[in-house]
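Visitor: Residue numbers for the sequence shown follow the working numbering, beginning at 8 and rising by one.
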Amino acid sequence: MTSSEPTTGYKVAFIHPDLGIGGAERLVVDAALGLQESGNRVKIYTSHCDPNHCFEEVKDGTLKHQVYGDRLPTHLFGKFFILFANLRQLYLIFQLIWTGQLNEYDLFIVDQLSTGLPLIHMFSDAKILFYCHFPDQKLAVRDSSLRKLYRLPFDLLEQFTMSVADKVVVNSKFTRGIYKETLNFLNTSPEVIYPCVSTSVSKEIDQIDKQLLTKLINTDKDKFYLSINRFERKKNVSLALKAFALSERSKDNDVKLLICGGYDERVDENKEYLRELQLEAGNLKLSSSTIFYPEYAKNKDLESFNARKSKVIFLLSISGSLKELLLEKMDLLLYTPSFEHFGIVPLEAMKHGKPTLAVNSGGPLETIISYKPGENEATTTGWLREPDEKVWAVAIDESTKCEGIDFAKNGKERLDKYFSRYAMTHSFETEIEKFIWSKKVIYPWETAVTSLSFFGIHLLVNFCLPNQNWPFLLLAGVAIVIFRRIFWGIYFLFVFSLSYE
Numbered sequence: 008m009t010s011s012e013p014t015t016g017y018k019v020a021f022i023h024p025d026l027g028i029g030g031a032e033r034l035v036v037d038a039a040l041g042l043q044e045s046g047n048r049v050k051i052y053t054s055h056c057d058p059n060h061c062f063e064e065v066k067d068g069t070l071k072h073q074v075y076g077d078r079l080p081t082h083l084f085g086k087f088f089i090l091f092a093n094l095r096q097l098y099l100i101f102q103l104i105w106t107g108q109l110n111e112y113d114l115f116i117v118d119q120l121s122t123g124l125p126l127i128h129m130f131s132d133a134k135i136l137f138y139c140h141f142p143d144q145k146l147a148v149r150d151s152s153l154r155k156l157y158r159l160p161f162d163l164l165e166q167f168t169m170s171v172a173d174k175v176v177v178n179s180k181f182t183r184g185i186y187k188e189t190l191n192f193l194n195t196s197p198e199v200i201y202p203c204v205s206t207s208v209s210k211e212i213d214q215i216d217k218q219l220l221t222k223l224i225n226t227d228k229d230k231f232y233l234s235i236n237r238f239e240r241k242k243n244v245s246l247a248l249k250a251f252a253l254s255e256r257s258k259d260n261d262v263k264l265l266i267c268g269g270y271d272e273r274v275d276e277n278k279e280y281l282r283e284l285q286l287e288a289g290n291l292k293l294s295s296s297t298i299f300y301p302e303y304a305k306n307k308d309l310e311s312f313n314a315r316k317s318k319v320i321f322l323l324s325i326s327g328s329l330k331e332l333l334l335e336k337m338d339l340l341l342y343t344p345s346f347e348h349f350g351i352v353p354l355e356a357m358k359h360g361k362p363t364l365a366v367n368s369g370g371p372l373e374t375i376i377s378y379k380p381g382e383n384e385a386t387t388t389g390w391l392r393e394p395d396e397k398v399w400a401v402a403i404d405e406s407t408k409c410e411g412i413d414f415a416k417n418g419k420e421r422l423d424k425y426f427s428r429y430a431m432t433h434s435f436e437t438e439i440e441k442f443i444w445s446k447k448v449i450y451p452w453e454t455a456v457t458s459l460s461f462f463g464i465h466l467l468v469n470f471c472l473p474n475q476n477w478p479f480l481l482l483a484g485v486a487i488v489i490f491r492r493i494f495w496g497i498y499f500l501f502v503f504s505l506s507y508e
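1) Where does the unbroken alpha helix (DSSP H) through L466 begin, and where does it stop?
2) Pick helix, strand or coil for Y138, following the three-state DSSP scheme.
3) Using only the alpha-carbon positions, how far apart do F238 and P344 sit?
4) Name the two residues that bound the continuous alpha helix (DSSP H) containing P160.
5) So V262 and S295 are in contact, right, with Cβ under 8 Å, and what is the actual spacing, rounded?
6) Could you name the residues that DSSP lists as bridge partners for L124?
7) Any idea what DSSP makes of Q73, helix, strand or coil?
8) What's the call for P301, buried or exposed, on a 16-neighbour Cβ count within 10 Å?
9) If I follow the unbroken beta strand (DSSP E) through D25, where does it start and stop?
10) Take the Cβ of C471 as the centre, count every other Cβ of all protein chains shown within 10 Å, and call the residue buried at 16 or more, exposed below.
11) Return the chain-ordered list of same chain residues with a C-beta closer than 6 Å to the C-beta of V502, the five sequence neighbours on each side being excluded.
12) How would you label E165, buried or exposed, when you count the other beta carbons within 10 angstroms and need 16 or more for buried?
13) Restricting to Cα atoms, I'd like to know which of T168, Y201, N191 and D259 is closest to V176.
14) Output yes or no for whether 7 Å exceeds the beta carbon distance between F346 and G369.
15) Please state the DSSP three-state secondary structure of P13.
16) Which residue or residues does DSSP assign as beta-bridge partners of K230?
17) How long is the line joining the alpha carbons of G107 and L246, rounded to whole angstroms?
18) Between T374, F130 and S54, which lies nearest to I489 when the distance is taken from Cα to Cα?
19) Mapping the DSSP letters down to three states, classify L79 as helix, strand or coil.
20) Is it the case that the Cβ atoms of A288 and A400 are separated by a distance below 7 Å?
21) Flag this pair as yes or no: are the beta carbons of F510 and A20 separated by less than 7 Å?
22) Taking DSSP as the reference, what is the three-state secondary structure of I1?
23) According to DSSP, is T221 helix, strand or coil?
24) Is it buried or exposed for P13, if we count other Cβ within 10 angstroms and need 16 for buried?
25) Helix, strand or coil for M8 per DSSP?
26) Taking the C-alpha atoms as reference points, what is the distance between V74 and D57?
27) Pull up the CB-CB distance for I1 and L322, whole angstroms please, since I reckon it's below 8 Å.
28) Thinking E533 and E438 are a contact (beta carbons under 8 Å), I'd like their distance in whole angstroms, please.
29) Just the C-alpha distance for S504 and Y52, rounded to the nearest angstrom, thanks.
30) I'd like to know if the region 149-161 and the region 456-471 are in contact, where contact means that at least 3 CB-CB pairs between them fall below 8 Å.
31) For G289, does the three-state DSSP call read helix, strand or coil?
32) My parser needs the beta strand (DSSP E) runs of 3 or more residues fully inside the region 174-199; what are they?
33) Which residue marks the beginning of the alpha helix (DSSP H) containing F5, and which one marks its end?
34) According to DSSP, is K330 part of a helix, a strand, or is it coil?
35) Three-state secondary structure (DSSP) at V35?
36) Determine the DSSP secondary structure at G418, reduced to helix, strand or coil.
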């Protein structure tokens, strides 16, 4: 690119490991959509995308995507996931190099894995933005000396490869703090680009979900609190159970607690934690029912799912439609994780004009404005409290006395300003403009690797094809035509000319 080119209409490629349905994938899709709607040409490259398990914008072709490396293994006997994730990304980037696609873009936006950044930097003139959801080394299990030793090279690799990016951004100020504390070799302070939620009207609720809700609650008079989390112990869903049991509201026959979350029978922790929560509900004298939503959706047997008499209802693996319906109808979201990297669900509650009670740590400190009586009625979007069931019980009861607060207005204003797709896209564009025209940096390691590679290729050609000069002409052509590296081509042309007789 030259500085005379327009500052809009960039060719942008996203690289993401698995384009499924999750928080990181939603961010990639929203960022890609936002940049595409702003006039940029966008394509997503991934190692895996199941057309039956991806977001609608990917499935219907609104966003172009290309899969490379789906046939490669993701693990070996249930081990070495991080190793194979890195290998799959490297394979993807080698495919982009070999097909010439790597040089078709002005900008690469990469997230989750930074392993391939040096290759992008060496074989392309495009700029690189890396989106750090959370330092990978902080997510790794290190419960033995062997695991710590196994992780060490990947921890060092993460810092080295991330340093190659022209710009690193993170999803929250909390993550930025962890980034600076963990990735201390980088000695940088990344900017924050918050994830977003769609502020448009939600798609129509499926009739099957409307019918199910009538079997869960008496829609004319019942109130309910809602918890949405995966069934994992770190999500601390038991806090919602205990707080609800201690609250005065739980004594009201017309008030329930609905606990929803992703659930996979193949995951031992999912099964174990669900059972623990069911037992805890019983110990707290709270009657409960459990519904595995995919089974209900398949059989559509409404009569077998009547749970109106239960105080606590566990809903496993619910649909997006039912999730939207519950968020719309709930009284209060109980968001229980501590030190959450960001946390998108409180924003989804704001979208539906409902408040959230969350733990006062991590991402929620940045998304939720905690209610302070007499001070911020015009801006509050919920409550932030320490993860203590007694404190939470008081907050639950307090939420019933705030009828004068317009949470719908407050939530919409905060979403539009900080967490809409427009706001996120604007943040991306602002950060991109800071570096997109900057001069490409040539690192010492890059010069060393290139020099050693050329020397090695030279020796290999002379060994395999002695007294032949045509391979250098071929290499010059490959360097210029496929890799578009003019100086590499000049080097091999120079060697060719020296060996020409």
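Note that beta-carbon positions come from the ideal geometry of N, C-alpha and C, so glycine has one too.
Here the structure is a predicted model, which is why all the values come from computation and not from measurement.
Guide: Looking at the atomic coordinates:
1) For the purposes of this step, residue 466 is taken as the residue at position 459 of the sequence shown. For L466, the enclosing alpha helix (DSSP H) starts and ends at P451 to C471.
2) Translated into the one-based positions of the sequence shown, residue 138 becomes position 131. Here DSSP, grouped into helix, strand and coil, assigns Y138 to strand.
3) Position 231 of the sequence shown holds residue 238. Position 337 of the sequence shown holds residue 344. Going by the C-alpha atoms only, they are around 11 Å apart.
4) Stepping through the sequence shown from its first residue, residue 160 is reached at position 153. Residues S152 to M169.
5) The residue given as residue 262 occupies position 255 in the sequence shown. The residue given as residue 295 occupies position 288 in the sequence shown. Going by Cβ atoms, the distance from V262 to S295 rounds to 14 Å, so no, they are not a contact pair.
6) Taking the first residue of the sequence shown as position 1, residue 124 is located at position 117. Beta-bridge pairing links L124 to no other residue.
7) Along the sequence shown, read from residue 1 onward, the residue named residue 73 stands at position 66. Three-state DSSP puts Q73 in a strand.
8) Taking the first residue of the sequence shown as position 1, residue 301 is located at position 294. For P301, the number of other beta carbons within 10 angstroms of its own is below 16, and it is reported as exposed.
9) As a working note, residue 25 is residue 18 in the sequence shown. It spans K18 to D25 - the beta strand (DSSP E) in which D25 sits, taken as one unbroken run.
10) Here residue 471 refers to the residue found at position 464 when the sequence shown is read from its first residue. Flag for C471 reads exposed.
11) As a first step, residue 502 is located in the sequence shown; it is residue number 495 there, counting from the start. The answer, listed in chain order, is F479.
12) Reading the sequence shown from its first residue, position 158 is the one you call residue 165. Label assigned to E165: buried.
13) If you number the sequence shown from 1, residue 176 lands on position 169. Minimum Cα distance to V176 is reached at Y201.
14) Within the sequence shown, the letter at position 339 stands for residue 346. Within the sequence shown, the letter at position 362 stands for residue 369. Yes; because the gap between Cβ atoms is below 7 Å, this pair is in contact.
15) Taking the sequence shown and counting its residues from 1, the one referred to as residue 13 is at position 6. Residue placement at P13 is flagged as unreliable, the pLDDT there being 38, under the threshold of 50; a coordinate-derived value is accordingly withheld.
16) Taking the first residue of the sequence shown as position 1, residue 230 is located at position 223. Secondary-structure assignment with DSSP links K230 through a beta bridge to V262.
17) Here the question's residue 107 lines up with position 100 in the sequence shown. Here the question's residue 246 lines up with position 239 in the sequence shown. Linking G107 to L246 through their CA atoms gives a straight-line distance of about 53 Å.
18) In the sequence shown, the residue the question calls residue 489 occupies position 482. Ranking T374, F130 and S54 by Cα distance to I489 puts F130 first.
19) Here the question's residue 79 lines up with position 72 in the sequence shown. Coil.
20) By one-based count along the sequence shown, residue 288 stands at place 281. By one-based count along the sequence shown, residue 400 stands at place 393. Result no, Cβ atoms of A288 and A400 do not sit closer than 7 Å.
21) Since the displayed the chain opens at 8 and closes at 508, residue 510 lies outside it and no answer follows.
22) Outside the shown range of the chain (8 to 508) lies residue 1, about which nothing can therefore be said.
23) As a first step, residue 221 must be located in the sequence shown, where it is residue number 214. DSSP places T221 in helix when its eight states are reduced to three.
24) The count along the sequence shown starts at 1 and reaches residue 13 at position 6. Any reading at P13 needs caution, since the residue's pLDDT is 38, under 50, leaving its predicted position unreliable; the model's value is listed next. Exposed, by the Cβ-count rule.
25) As a first step, residue 8 must be located in the sequence shown, where it is residue number 1. In this prediction, M8 scores a pLDDT of 44, lower than 50, which makes its location untrustworthy; no coordinate-derived value is stated.
26) The count along the sequence shown starts at 1 and reaches residue 74 at position 67. The count along the sequence shown starts at 1 and reaches residue 57 at position 50. So the two alpha carbons sit approximately 10 Å from each other.
27) A query on residue 1 cannot be resolved here, the shown segment of the chain reaching from 8 to 508 and no further.
28) Nothing can be reported for residue 533, as the shown portion of the chain is limited to 8 through 508.
29) Within the sequence shown, numbered from 1, the residue matching residue 504 stands at position 497. Within the sequence shown, numbered from 1, the residue matching residue 52 stands at position 45. Their Cα atoms are separated by approximately 40 Å.
30) The region 149-161, when compared against the region 456-471, does not touch it at the 8 Å Cβ threshold.
31) Taking the first residue of the sequence shown as 1, we reach residue 289 at position 282. Looking at G289 - three-state DSSP - the assignment turns out to be helix.
32) 174-177
33) One cannot answer for residue 5 here, as it falls past the ends of the chain, which runs 8 to 508.
34) Here residue 330 corresponds to residue number 323 of the sequence shown, with the count starting at 1. In this structure, K330 counts as helix in the three-state DSSP scheme.
35) Counting from one through the sequence shown, the residue named residue 35 turns up at place 28. Three-state DSSP puts V35 in a helix.
36) Translated into positions along the sequence shown, residue 418 becomes position 411. Here G418 sits in helix by DSSP.
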